[in-house]
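Peer 1:
Here it is, written out as structure tokens:
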């Protein structure tokens, strides 16, 4: 026998075994396993129905579908590399020569077989030839059958990773980086934008300067006061700040100047916030974030704030590098598309149904075809998908349905490796996603700070709802009451043993035991009551001060003269006797005497003597008790009663409470009493985390999510700066889903940077790049790719449910139909959108004409305002508020100056306070649920919001007698108009100079406003001059 190059001479086995072994060995159709080396050799011999010799290497491609199927069979496999290793180990048999097992078919007889089945440990792998390549076509569990013939293959088999998740070769990496970095005008311009924004932030901080401090103190209001060191820089910093409030930070180093030597601890916490100079010349900084109990070093630097800008821009750069590196499939796809190449083809993959009961519940019924297709496209996307959501089409619900469906699909998988990131460019949008999400398990957890504080309001609300559900279902049972009382007994006992309470608290504890006879039993309750009365009597009436005052008053009303007793003595004695607190201060003899006096059974002489004795005794004990109020002591008798009570309570629980009751009570106890532990548990097991684009890579997020997200969903993606958008996209390992609408508000940009870039690049190219969001660029390119390869990666939700059908049709005609994007109305019944405001009859649209002679537009700094329109809007708003109870109203303008003018009018009308907030004492401004019914702001703050009625202030108006052409300003931007004119559900009213918007010039410059003016003259509109 020979094995691993070593030979042994062995005695032959018995005759029958020897003959069988000789037959098998001569045929060569066997595999031998040495089970027991030693004096007696034990062999396991596996025989096959034949043998084949493959002279050449057979390389078999393993694609995404096989990888996914193998990972379902063996859940320990993490990715394609693990799958390749596992297939090699389980299919290729170990030995001096490469071996494998195949099922004998007609296709296995020649060396150019077109298809065959490899047999592994408990599974089979079908292989077929495709375009001169062998590929694994199907993964199945092995089901042995008696008639099946197995062949032993002698030849080398190698599995090759051809999945889209396969690691990139060096050549592929370099090609991807070339696409992302070379000859890419789009990305080059954004790279320059990032660099210039960093330089501008550093220059702004450098302009403020820095100075050393050598003393710091925390103020009562939470701000910090720094005493600057005597230094020329200190004087310069004070002069630069002057009477202003500027962004400042403190630290061991100066963030914008690395040449400054460190002062204090280099690990000290940085304080960032708004700073000012005090009359004493010190610097006071109000932190932008809650710093808790942090201690600052007594020396360091105060400087212009730069750290946050530096961190923000460095995050962009790292994401940009990740996109260029192509670490994951979605990232590679993005880099390929942004490099102006066709998308990487999608291979085979397992497809999942988009519909489920949970999806139907989230969408409020049967989804529209477009909604269903959007969900289908998103959950089955292997890389990138885009969903355009015009106003009112339910995109937030669709996002919630996608997240819920992914949670259902991945229910058996690890939460960490199959988690969804919900993100957007600002906190409000993220909060909307979190509130809408409902996958039927745990809520999403929002990470990151808003207004300097961690925003856990949704988590707190979910926990509160959970407690309420538990209370409704389990809280009213006897077992629940018993367990709750036992817990309270344990808490009270623990407090008594650890704190040593005063007499009053001990008496209160004993009284509690006396009242809970169901928990501790009658005997213990009676003993507790007696002990409480004895302590009260012996150590004084040490109850609450209000009780003491009442006892003193009753004692002083006890009559101790013959005349007084004859007048109302028995009545006063009866009042004292029937007052429990007074009764508890008496001993047995005093109670009997007081009862006799109350009944008139004593002579006057005996009565007045008895009343005097009781009065003096009670007053002395009450006054003594005040002196003993702080007296603390443990009482052995009370210790014994508590021990008996706990034992009896446990006995009652053991007898009356089931194991299910205990589990529910324990769970409810944790939820109620340990919110931090609940939050940590939810964070560890939830299927979705949420954060803004920037904070998706914050320290708190890295602490929770140590691996890439399976899915990243970005809402309001068209509003995010492409550089910020790349941050969460770089975190996607499975798919990236972008949801937005490039017909609405554009991305937020620093307008001072564009001229600087234009000076170094073609200004037309720069304008085209900066004016188009990354969402729009991807949407356009993927639409073009779909026309070439038929692969659907973009969809437009095409049915709106928000607006009156007349207004929905108007929005579609003006902003979507011209681009081939048709949005229909989900509800055709106009009565559904009735507003009930008599002043506007049954109109869906209207125009309140404010002619030039009523007042012209005026400059407000760099903005515009028109007080005449503000007056009209506030007057109309007051009337509408009085006539309706719960209708909501939005007041939208395009200019900050006009927003300020409207707030001034609100203050004049008594509807607002000085800080531009609604008057809390004006009832009509608030709904029956206490929510505000009015919101005022510029269009930039209104995307994603909706109201019953919207007043749109156009602001711009031609000047009386002026020959100057009308200036439409921001109104010429269709994205802003689309948002401004689609916030209402029932009624949209434009307020402005009607003549200006009804001209041919208006038809050319602001076609949507011109068309709206025409619409108000129809059967569904009105026009009037206030």
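Numbering (this note's numbering), first residue to last: 974 to 1999. Idealized CB from N, CA, C, for every residue including glycine.
Relative to the C-alpha of residue 1536, which candidate in 1580, 1572, 1574 has its C-alpha closest?
Peer 2: Along the chain shown, read from residue 1 onward, the residue named residue 1536 stands at position 563. It is 1580 whose Cα lies nearest to the Cα of residue 1536.
Peer 1: For residue 1531, which of 1552, 1509, 1504, 1585 has the nearest alpha-carbon?
Peer 2: As a position in the chain shown, residue 1531 is number 558, starting the count at 1. Answer by Cα proximity: 1585.
Peer 1: Taking only three categories from DSSP, how would you classify residue 945?
Peer 2: For residue 945 there is no data in the structure shown, the boundaries of the chain being 974 and 1999.
Peer 1: Across the region 1835 to 1843 and the region 1795 to 1812, are there enough close Cβ pairs to call them in contact, namely three or more that are closer than 8 Å?
Peer 2: The region 1835 to 1843 is not in contact with the region 1795 to 1812.
Peer 1: Are residue 1984 and residue 1773 close, meaning C-beta to C-beta below 9 Å?
Peer 2: Translated into positions along the chain shown, residue 1984 becomes position 1011. Translated into positions along the chain shown, residue 1773 becomes position 800. Not closer than 9 Å, so no.
Peer 1: If we ignore side chains and look at the alpha-carbon of each, how far apart do residue 1021 and residue 1055 end up?
Peer 2: Residue mapping note: residue 1021 aligns to position 48 of the chain shown, counting from 1. Residue mapping note: residue 1055 aligns to position 82 of the chain shown, counting from 1. Cα-Cα distance, rounded: 29 Å.
Peer 1: Three or more C-beta pairs closer than 8 Å, one from the region 1648 to 1663 and one from the region 1476 to 1496: is that the case here?
Peer 2: Output reads no: the region 1476 to 1496 does not touch the region 1648 to 1663.
Peer 1: Taking its Cβ as the centre, do 16 or more other Cβ atoms sit within 10 Å of residue 1858, making it buried, or is it exposed?
Peer 2: To locate residue 1858, count along the chain shown from 1; it is residue 885. Exposed is the call here.
Peer 1: Kindly give me the distance between the Cβ atoms of residue 1501 and residue 1577, rounded to whole angstroms, as I take these residues to be in contact under 8 Å.
Peer 2: Counting from 1 along the chain shown, the entry for residue 1501 is found at position 528. Counting from 1 along the chain shown, the entry for residue 1577 is found at position 604. Wrong, their Cβ atoms sit about 40 Å apart, outside the cutoff.
Peer 1: Measuring CB to CB, does residue 957 end up less than 9 Å from residue 1794?
Peer 2: Here the chain has residues from 974 to 1999 only, and residue 957 is not among them.
Peer 1: Evaluate the contact criterion for the region 1316 to 1330 versus the region 1352 to 1370: three or more CB pairs, one atom per stretch, below 8 Å.
Peer 2: Touching, yes, given that three or more Cβ pairs across the two stretches are closer than 8 Å.
Peer 1: Just verifying my parser: in three-state terms, what is the DSSP assignment at residue 1310?
Peer 2: Within the chain shown, residue 1310 is the residue found at index 337, counting from 1. Of the three classes helix, strand and coil, the one that applies to residue 1310 here is helix, per DSSP.
Peer 1: State the Cα-Cα distance for the pair residue 1081 and residue 1027, rounded to the nearest angstrom.
Peer 2: By 1-based counting over the chain shown, the position of residue 1081 is 108. By 1-based counting over the chain shown, the position of residue 1027 is 54. With a pLDDT of only 49 at residue 1081, under 50, the local geometry of the prediction cannot be trusted, and the value read off the model is given with reservation. Distance between the alpha carbons of residue 1081 and residue 1027: 11 Å.
Peer 1: Do residue 1892 and residue 1903 have their beta-carbon atoms positioned less than 9 Å apart in this structure?
Peer 2: Taking the first residue of the chain shown as 1, we reach residue 1903 at position 930. Taking the first residue of the chain shown as 1, we reach residue 1892 at position 919. Cβ atoms of residue 1903 and residue 1892: not closer than 9 Å.
Peer 1: Taking a contact to mean a Cβ-Cβ separation below 9 Å, would you say residue 1262 touches residue 1771 in this structure?
Peer 2: If you number the chain shown from 1, residue 1262 lands on position 289. If you number the chain shown from 1, residue 1771 lands on position 798. Cβ distance not < 9 Å, so residue 1262 and residue 1771 don't count as in contact.
Peer 1: Looking only at C-alpha atoms, which of 1702, 1758, 1967 sits nearest to residue 1819?
Peer 2: If you number the chain shown from 1, residue 1819 lands on position 846. For the residues 1702, 1758, 1967, the minimum Cα distance to residue 1819 belongs to 1967.
Peer 1: To test your reading of the DSSP string, which unbroken alpha helix (DSSP H) runs of 4 or more residues are found completely within the region 1332 to 1400?
Peer 2: For the region 1332 to 1400, whole alpha helix (DSSP H) runs of length 4 or above, ordered along the chain, are 1342 to 1352, 1368 to 1382.
Peer 1: Enumerated in chain order, which unbroken segments of the alpha helix (DSSP H) with a length of 4 residues or greater are wholly contained in the region 1916 to 1999?
Peer 2: For the region 1916 to 1999, whole alpha helix (DSSP H) runs of length 4 or above, ordered along the chain, are 1947 to 1953, 1967 to 1970, 1973 to 1978, 1980 to 1989.
Peer 1: Which partner residues of residue 1818 appear in the DSSP bridge assignment?
Peer 2: The count along the chain shown starts at 1 and reaches residue 1818 at position 845. DSSP lists 1961, 1994 as partners of residue 1818.
Peer 1: Does the beta-carbon of residue 1868 have 16 or more other beta-carbons within 10 angstroms, so that it is buried, or is it exposed?
Peer 2: On the chain shown, residue 1868 is found 895 positions in, with the first residue counted as 1. By the neighbour-count rule (16 or more Cβ atoms within 10 Å), residue 1868 is buried.
Peer 1: Going by C-alpha distance, which of 1195, 1138, 1229 is nearest residue 1182?
Peer 2: Position 209 of the chain shown holds residue 1182. Residue 1229 is the option with its Cα nearest to residue 1182.
Peer 1: What is the C-beta distance between residue 1925 and residue 1953, in whole angstroms, given that I count them as a contact (C-beta under 8 Å)?
Peer 2: On the chain shown, position 952 is the one that residue 1925 refers to. On the chain shown, position 980 is the one that residue 1953 refers to. 6 Å between Cβ atoms; contact.
Peer 1: List in chain order: all unbroken beta strand (DSSP E) runs of 3+ residues lying wholly within the region 1142 to 1218.
Peer 2: For the region 1142 to 1218, whole beta strand (DSSP E) runs of length 3 or above, ordered along the chain, are 1183 to 1191, 1197 to 1201.
Peer 1: Quick check for students: name the residue ranges of the beta strand (DSSP E) that lie wholly in the region 1001 to 1068, counting only runs of 3 or more.
Peer 2: If we require 3 residues or more, the beta strand (DSSP E) runs fully inside the region 1001 to 1068 come out as 1003 to 1009, 1015 to 1020, 1023 to 1026, 1031 to 1035.
Peer 1: Please name the residue or residues paired with residue 1133 in a DSSP beta bridge.
Peer 2: For the purposes of this step, residue 1133 is taken as the residue at position 160 of the chain shown. 1034, per the DSSP bridge assignment.
Peer 1: Could you check which residue in 1702, 1196, 1573 has the C-alpha nearest to that of residue 1308?
Peer 2: Numbered from 1 along the chain shown, position 335 holds the residue referred to as residue 1308. Answer by Cα proximity: 1702.
Peer 1: The beta strand (DSSP E) that contains residue 1663, what's its start and end?
Peer 2: Taking the chain shown and counting its residues from 1, one reaches residue 1663 at position 690. 1661 to 1665 is the span of the beta strand (DSSP E), which, as asked, contains residue 1663.
Peer 1: Using the Cβ count rule (16 or more neighbours within 10 Å means buried), how would you classify residue 1720?
Peer 2: Numbered from its first residue, the chain shown carries residue 1720 at position 747. By the neighbour-count rule (16 or more Cβ atoms within 10 Å), residue 1720 is buried.
Peer 1: Cβ of residue 1417 within 9 Å of Cβ of residue 1709?
Peer 2: Translated into the one-based positions of the chain shown, residue 1417 becomes position 444. Translated into the one-based positions of the chain shown, residue 1709 becomes position 736. No, they are not a contact pair.
Peer 1: With DSSP as the reference, label residue 1230 as helix, strand or coil.
Peer 2: By 1-based counting over the chain shown, the position of residue 1230 is 257. Three-state DSSP puts residue 1230 in a strand.
Peer 1: According to DSSP, residue 1223 sits in a beta bridge with which residue or residues?
Peer 2: Here residue 1223 refers to the residue found at position 250 of the chain shown. Residue 1223 is bridged to 1244, 1275.
Peer 1: Applying the 10 Å Cβ sphere with the 16-neighbour rule, what's the burial state of residue 1214?
Peer 2: Position 241 of the chain shown holds residue 1214. Its Cβ being crowded by 16 or more others within 10 Å, residue 1214 is buried.
Peer 1: Would you mind sorting residue 1878 into buried or exposed? The rule is 16 or more other CB atoms within 10 Å of its CB.
Peer 2: By 1-based counting over the chain shown, the position of residue 1878 is 905. That one is buried.
Peer 1: According to DSSP, which residues form a beta bridge with residue 1710?
Peer 2: Your numbering for residue 1710 matches position 737 in the chain shown. According to DSSP, residue 1710 bridges with 1358, 1686.
Peer 1: Runs of 4 residues minimum, wholly inside the region 1578 to 1644: which ones carry the alpha helix (DSSP H) assignment?
Peer 2: List check, alpha helix (DSSP H) in window: 1609 to 1629.
Peer 1: Using the three-state DSSP reduction, which class does residue 1418 fall into: helix, strand or coil?
Peer 2: The residue labelled residue 1418 in the question sits at position 445 within the chain shown. Three-state DSSP puts residue 1418 in a strand.
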